[in-house]
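Peer 1: Those letters in the sequence shown? Residues 1 to 287, by the numbering used here. Below are the structure tokens for one structure; questions will follow.
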Amino acid sequence: MKLLRYGPRGAEKPGLLDADGQIRDLSGHIDDITGAILSPEGLKTLAAIDPATLPIVEGSPRYGVPVGSVGKFLAIGLNFADHAKEAGLEPPPEPIFFTKAISCLSGPNDDVMIPKDALKTDWEVELGVVIGKRARYVEQADALDYVAGYVLVNDVSERAYQKELGSQWDKGKGCDTFGPVGPWLVTSDEVGDCQDLEMFLDLNGKRMQTGNTKTMIFGVAECIAYMSRFITLEPGDILTTGTPPGVGEGQKPDKIFLKAGDVMKLGVQRLGEQQQRVVAWTQEGVA
Numbered sequence: 001m002k003l004l005r006y007g008p009r010g011a012e013k014p015g016l017l018d019a020d021g022q023i024r025d026l027s028g029h030i031d032d033i034t035g036a037i038l039s040p041e042g043l044k045t046l047a048a049i050d051p052a053t054l055p056i057v058e059g060s061p062r063y064g065v066p067v068g069s070v071g072k073f074l075a076i077g078l079n080f081a082d083h084a085k086e087a088g089l090e091p092p093p094e095p096i097f098f099t100k101a102i103s104c105l106s107g108p109n110d111d112v113m114i115p116k117d118a119l120k121t122d123w124e125v126e127l128g129v130v131i132g133k134r135a136r137y138v139e140q141a142d143a144l145d146y147v148a149g150y151v152l153v154n155d156v157s158e159r160a161y162q163k164e165l166g167s168q169w170d171k172g173k174g175c176d177t178f179g180p181v182g183p184w185l186v187t188s189d190e191v192g193d194c195q196d197l198e199m200f201l202d203l204n205g206k207r208m209q210t211g212n213t214k215t216m217i218f219g220v221a222e223c224i225a226y227m228s229r230f231i232t233l234e235p236g237d238i239l240t241t242g243t244p245p246g247v248g249e250g251q252k253p254d255k256i257f258l259k260a261g262d263v264m265k266l267g268v269q270r271l272g273e274q275q276q277r278v279v280a281w282t283q284e285g286v287a
């Protein structure tokens, strides 16, 4: 299944994408797509619904984050061997993880706002994992059983905040609009091998990132197992798993960072695509 949330920010409705690419309204069956719905039992109930019996959503509504009431938005850093090489760094001996603020979550095609006084805002196409049942001290061999599905994530990052204001990566990772997720959540059975998915990101029509999840240093199962030793993962939590080479900070001979007016387009195989316009900071934020 491809589960989604559509409509104005803060008033999204639950839906699914049918085989013909049409949005179908699920609000007659569930109030929202939350952790409780993403449990194995909840997904089994949704899978039993015939999409043809659901109302078609007309027009082209806004896509929201495909999971509502996200409890935690966690991330693995420096997790692609070719990206580590690009950064001139040795692969880490254990997964590096950090948190992205829940308040940075945004829809897949919403504007990305450069923070006030920022000069080094960057992009990162990533595979996101949505947890479907509580994971605590999970064994790696069992870890994928805890996954409800996968999502496309742009781990937008302000490098100066991340690296030049001390050692706390969170400063540069959780700014408003820095977490576009979606357009939909694809359940595990439709994704197949999560360690063989093509990835890309274009900036203003130019290909910047090309990669495959097979070059992860720590695979999805290992990341889930490792993180569950330190943080209990709950249904609906999102874990994003690192980016391939081609980020702006890694461009040579000159680094490239985002500016107002830029357009990012990105995708992960079988998970759809996103497109964001970059806008300048305002006190009011983005609508």
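We put the CB at the ideal spot given by N, CA and C, even for glycine.
(1) Which residue's Cα is closest to the Cα of Glu-90: Gly-261, Ile-217, Ala-280, Asp-254?
(2) What are the boundary residues of the beta strand (DSSP E) that includes Pro-14?
(3) For Ala-135, write down the residues that DSSP places opposite it in a beta bridge.
(4) Is it the case that the region 145-153 contacts the region 123-136, given that we only count it when at least three CB pairs across the two stretches are under 8 Å?
(5) Is the region 165-185 in contact with the region 220-230, if contact means three or more CB pairs nearer than 8 Å?
(6) Tell me which residues share the same chain as Asp-196 and place their Cβ nearer than 6 Å to its Cβ, disregarding the 5 neighbours each side in the sequence.
(7) So does the region 51-65 actually touch the region 13-30, counting three or more Cβ pairs closer than 8 Å?
(8) Evaluate the contact criterion for the region 234-241 versus the region 70-83: three or more CB pairs, one atom per stretch, below 8 Å.
(9) So who's on the other strand from Phe-218, going by DSSP bridges?
(10) Which residue from Pro-51, Asp-20, Met-264 puts its Cα closest to that of Gly-288?
(11) Going by C-alpha to C-alpha distance, which of Cys-175, Ile-256, Gly-71 sits closest to Gly-132?
(12) Hey, quick one: how far does the alpha helix (DSSP H) through Ala-288 stretch, first residue to last?
(13) Assign Glu-158 to buried or exposed, taking buried as 16 or more other Cβ atoms, counted over all protein chains shown, within 10 Å of its Cβ.
(14) Are the beta-carbon atoms belonging to Cys-175 and Ala-101 less than 9 Å from one another?
(15) Decide if Arg-24 is buried, meaning its Cβ has at least 16 other Cβ atoms within 10 Å, or exposed.
(16) Could you have a look at Pro-91 and say whether DSSP puts it in helix, strand or coil?
(17) Strictly by DSSP, which residues pair up with Asn-154?
(18) Measure the C-alpha to C-alpha separation of Ile-114 and Val-278 and round it to an integer number of angstroms.
(19) Nearest by alpha-carbon distance to Thr-53: which of Lys-171, Gly-59, Asp-18 is it?
(20) Taking the alpha carbon of Ile-56 as the reference point, which residue from Tyr-6, Leu-38, Ala-225 has its own alpha carbon closest?
(21) Have a look at Val-286 and Asp-20 and give me their C-alpha separation to the nearest angstrom.
(22) Using a 10 Å radius around the Cβ and a threshold of 16 neighbouring Cβ atoms, would you call Leu-185 buried or exposed?
(23) Starting from the C-beta of Gly-250, find all residues in its chain whose C-beta is less than 8 Å away, skip the five residues before and the five after it, and write them out in chain order.
Peer 2: Walking through what the data contain:
(1) Ile-217
(2) 13-17
(3) Leu-233
(4) Result yes; three or more Cβ-Cβ pairs closer than 8 Å.
(5) no
(6) Lys-214
(7) The region 51-65, when compared against the region 13-30, does touch it at the 8 Å Cβ threshold.
(8) yes
(9) BP columns for Phe-218 are empty, so no partner.
(10) The structure shown does not extend to residue 288, since the chain spans only 1 to 287, so no value can be given for it.
(11) Answer by Cα proximity: Gly-71.
(12) Residue 288 lies beyond the stretch modelled for the chain, which goes from 1 to 287, so this question has no answer here.
(13) That one is buried.
(14) yes
(15) Classification of Arg-24: buried, given that the 10 Å Cβ count is 16 or more.
(16) Of the three classes helix, strand and coil, the one that applies to Pro-91 here is coil, per DSSP.
(17) Val-125
(18) 7 Å
(19) Checking every option, the nearest Cα to that of Thr-53 belongs to Asp-18.
(20) Ranking the options by Cα distance to Ile-56, first place goes to Tyr-6.
(21) 32 Å
(22) buried
(23) His-83, Glu-86, Ala-87
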